[in-house]
Amino acid sequence: MAAFQTTPWRLISGVLGVMCLLLVAALGVLLKNSFTKQNVQPTFSPGPSTDLREGSGCCSCREKWIGYQCSCYFISSESKTWKDSRNFCVSHNSSLLQIQNRNELYFMNSISYYYWTGLSYSEEHHAWLWEDNSTLSQDLFLSLHPVNPKNCIIHGPSGSVMDADCGNKYRYVCKQQLI
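Mapping of the sequence shown onto the UniProt record's numbering: residues 1 to 179, in sequence order.
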């Protein structure tokens, strides 16, 4: 009969064991959800996809696109000229990256390469303009002085921004705004 006697230590170890199992199960669920949302790898997409993938609380993005603040982003793994990059984005109902605010800049600071943005120099307006002809907000980048008016803007690691010959090949970021 003494074999069935429970001591406080056995009770405590049993409770801790059950808690440990619950924590492991919760971790498994969290990891599963994390990997299914981050399953999107920045790779080349050969054509438009009708597959929708949840990207953030207010939008759904196509497969291989990343959702952030109600926009979808395609981060390429191949290099193209600015014009070819823009054409790729247009063919996917999007545009080259147009950074709207510092929060979006923070999102882009995690990238590892230089990427084309939708910003280029307009000789007609003597200013940097986005693809939709809107002007660059002065608080986004400290200064951009065109060395060569044929240049376009690349955005790189740690938020660095440079002008580069639009004919050079860099990776690119397409952005599709959903709102």
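Cβ atoms here follow ideal geometry from the backbone N, Cα and C, with glycine treated the same way.
8 angstroms Cβ cutoff met for residue i and residue j
i	j	result
Ile-153	Leu-119	yes
Glu-70	Leu-178	The residue you asked about is not Glu; residue 70 is Cys in the sequence shown. Contact: yes.
Gly-159	Tyr-113	no
residue 198	Phe-88	Any answer about residue 198 is impossible in this case: the structure gives the chain only from 1 up to 179.
Other residues of its chain near residue i: CB distance less than 6 angstroms, five sequence neighbours each side excluded
i	result
Trp-82	Trp-116, Cys-152, Cys-166
Trp-65	Cys-72, Phe-74
Extent of the continuous beta strand (DSSP E) to which residue i belongs
i	result
Asn-151	151-155
Cys-72	71-75
Ile-66	66-68
Gln-176	171-177
Tyr-114	Taken as a continuous stretch (DSSP letters only), Tyr-114 belongs to no beta strand (DSSP E), as it is neither H nor E.
Asp-163	161-165
Delimiting residues of the alpha helix (DSSP H) encompassing residue i
i	result
Ser-91	82-91
Close-in-space but distant-in-sequence residues of the same chain around residue i (CB under 7 angstroms, 5 per side omitted)
i	result
Ser-79	Lys-169, Tyr-170, Arg-171
Asn-93	Gln-176
Contact belief for residue i with residue j at Cβ below 8 angstroms, rounded distance in angstroms
i	j	result
Leu-96	Arg-86	5 angstroms
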